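**Student:** Handing you this structure, nothing more for now.
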Amino acid sequence: MNSDALEPPFVTKTTVVVRDDLEAWQRLNVTAFLVSAVTAAHPELVGTDYQDADGQLYLRMLGIPVLVFEGSGEALQAARTRATRRELPLAVYTREMFATGHDAENRAAVRAVAGDALDLVGIGLHGPKNVVDKIVKGSRLHP
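Residue numbers are given in our numbering: position 110 of the sequence shown equals residue 284, and the series is strictly consecutive.
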């Protein structure tokens with residue numbers, strides 16, 4: 175088995191699941207925020223700087239694939255429940271967060287609602303492949 179998280183075969187999986195009833199800009203926004211959360215929680219998944227043939231440096235990126243799925247609100251809530259039961263950390267994005275202006279307001283919006291009542295529009299997670307697959311069961315690859 176490969177011990178380098180950035181070299182195939184990948185033993186872990188990074189996945190985002192977004193609501194299937196969001197507008198395109200919302201799906202992209204939610205995906206970006208959730209991937210940033212996974213990246214912050216797992217800095218070992220970030221590669222080194224990119225550089226072109228002229229020597230120009232570019233920012234580092236995640237060095238692994240990110241699979242984006244879509245599902246209903248019920249599918250996202252079921253995935254949240256499965257992840258918390260398995261104690262796999264995850265990022266959440268709720269519908270209320272579209273109306274906030276900054277991170278502190280986002281955290282307050284989530285804090286105000288019990289976990290099983292969150293109006294989830296997206297989740298992001300990283301973990302062992304088989305565990306992540308079980309958690310996102312009921313979602314489908316985003317077209």
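Glycine residues also receive a C-beta, built at the ideal position from the N, C-alpha and C atoms.
Bear in mind the structure is a predicted one, so any value in this text is a computation, not a measurement.
Taking 8 Å as the threshold, find out whether the stretch 301-314 comes into contact with the stretch 272-282 through three or more Cβ pairs.
**Tutor:** no
**Student:** Any chance the stretch 281-298 sits against the stretch 245-256, with 3 or more Cβ pairs inside 8 Å?
**Tutor:** yes
**Student:** Within 10 Å of its beta-carbon, does THR255 have 16 or more other beta-carbons around it, so buried, or fewer, so exposed?
**Tutor:** In the sequence shown, counting from the first residue as 1, residue 255 sits at position 81. It counts as exposed.
**Student:** Starting from THR255, follow the alpha helix (DSSP H) in both directions and report where the run begins and ends.
**Tutor:** Translated into the one-based positions of the sequence shown, residue 255 becomes position 81. Looking at the DSSP string, the run of the alpha helix (DSSP H) that includes THR255 is 247-259.
**Student:** On the criterion of 16 or more Cβ atoms from any shown chain inside 10 Å, does SER210 qualify as buried, or is it exposed?
**Tutor:** Along the sequence shown, read from residue 1 onward, the residue named residue 210 stands at position 36. That one is exposed.
**Student:** By Cβ distance below 7 Å, which residues in the same chain neighbour THR186 in space, the five residues on each side in sequence not counted?
**Tutor:** Here the question's residue 186 lines up with position 12 in the sequence shown. Exclusion of the five residues before and after THR186 leaves ALA179, HIS300, GLY301, PRO302, LYS303 as the residues of its chain whose Cβ lies within less than 7 Å of its Cβ.
**Student:** In three-state terms, what does DSSP make of LEU219?
**Tutor:** In the sequence shown, counting from the first residue as 1, residue 219 sits at position 45. LEU219 falls in the helix class under three-state DSSP.
**Student:** If you draw a straight line from the C-alpha of GLY229 to the C-alpha of ASP223, how long is it?
**Tutor:** Numbered from 1 along the sequence shown, position 55 holds the residue referred to as residue 229. Numbered from 1 along the sequence shown, position 49 holds the residue referred to as residue 223. So the alpha carbons of these two residues sit roughly 11 Å apart.
**Student:** In the structure shown, what three-state DSSP assignment does ARG193 receive?
**Tutor:** As a first step, residue 193 must be located in the sequence shown, where it is residue number 19. Strand.
**Student:** Assuming ALA283 is part of the alpha helix (DSSP H), what are its boundary residues?
**Tutor:** Position 109 of the sequence shown, counted from the start, is the residue given in the question as residue 283. Counting along the chain, the alpha helix (DSSP H) containing ALA283 begins and ends at 277-285.
**Student:** Tell me the DSSP secondary structure of GLU244 in three-state form.
**Tutor:** On the sequence shown, residue 244 is found 70 positions in, with the first residue counted as 1. It is a strand residue.
**Student:** Tell me the DSSP secondary structure of LEU236 in three-state form.
**Tutor:** Along the sequence shown, one-based indexing puts residue 236 at 62. Here LEU236 sits in strand by DSSP.
**Student:** To the nearest angstrom, report how far apart MET175 and PRO183 are at their CA atoms.
**Tutor:** As a first step, residue 175 is located in the sequence shown; it is residue number 1 there, counting from the start. As a first step, residue 183 is located in the sequence shown; it is residue number 9 there, counting from the start. Any answer about MET175 is weak, because its pLDDT of 49 lies below 50 and its placement is not dependable; what the coordinates show is given next. A straight line joining the alpha-carbon of MET175 with that of PRO183 spans about 8 Å.
**Student:** Does the distance from the CB of VAL266 to the CB of LEU294 come in under 8 Å?
**Tutor:** Numbered from its first residue, the sequence shown carries residue 266 at position 92. Numbered from its first residue, the sequence shown carries residue 294 at position 120. Yes, the pair counts as a contact, with Cβ atoms nearer than the cut-off.
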